[in-house]
Amino acid sequence: MASSSCLVSTSNVHSLLDVNIVNNLIRVARLPKQQNIIQVDWHLLVGFIKCNMYGSAHGCLGHAAYGGIFRDHTSAFLGEFSIYIRIKSTLNVKLMVIMLAIHKAYETSWQNLWLESN
1 MASSSCLVST SNVHSLLDVN IVNNLIRVAR LPKQQNIIQV DWHLLVGFIK CNMYGSAHGC
61 LGHAAYGGIF RDHTSAFLGE FSIYIRIKST LNVKLMVIML AIHKAYETSW QNLWLESN
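Quick note: the sequence shown uses full-length UniProt numbering, first residue 1, plus one each step.
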């Protein structure tokens, strides 16, 4: 660590305590060294269907839409859906997309469903 010598000019502060406080803040604000990034692959279990869903509303009560895509454990495309649902809240949209994904899976007799949403 650097000493608290001349990081801050004493002409700009009122006391030695002010200099120490500012110097300590400067030390705390230093960013950590860059860490290594590793790729993590996740694979769906055999027999499962994964549905990636997204739903959003423009504002608290705004125009809203949602959609989803179904894939199997080999990432093969199995189906999709998307719907505009007029004026809704974001929470309402998120709940509706989950319910619709479960309903679509039930209609196609998919037993093992993995849901993923934003």
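All residues carry an ideal CB built from backbone N, CA and C; glycine is no exception.
With a cutoff of 7 Å on beta-carbon distance, Asn118 and Tyr54 are scored as near each other. Rounded to whole angstroms, Cys51 and Ile69 show a C-alpha spacing of 5 Å. Taking 7 Å as the cut-off, the Cβ atoms of Ala65 and Lys88 do not count as close.
Rounded to whole angstroms, Thr74 and Gly47 show a C-alpha spacing of 10 Å. At least 7 Å separates the beta-carbon of Ile98 from that of Asp72. In the structure shown, His58 falls within a coil segment according to DSSP collapsed to helix, strand and coil. At the C-beta level, Ser82 and Gly67 come within 7 Å of one another.
DSSP, reduced to helix, strand and coil, places Leu95 within a helical segment of the structure shown.
One thing to note: Ala101 has its Cβ no nearer than 7 Å to the Cβ of Leu78. Burial state of Ala76 is exposed, judged by a 10 Å Cβ sphere holding fewer than 16 other Cβ atoms.
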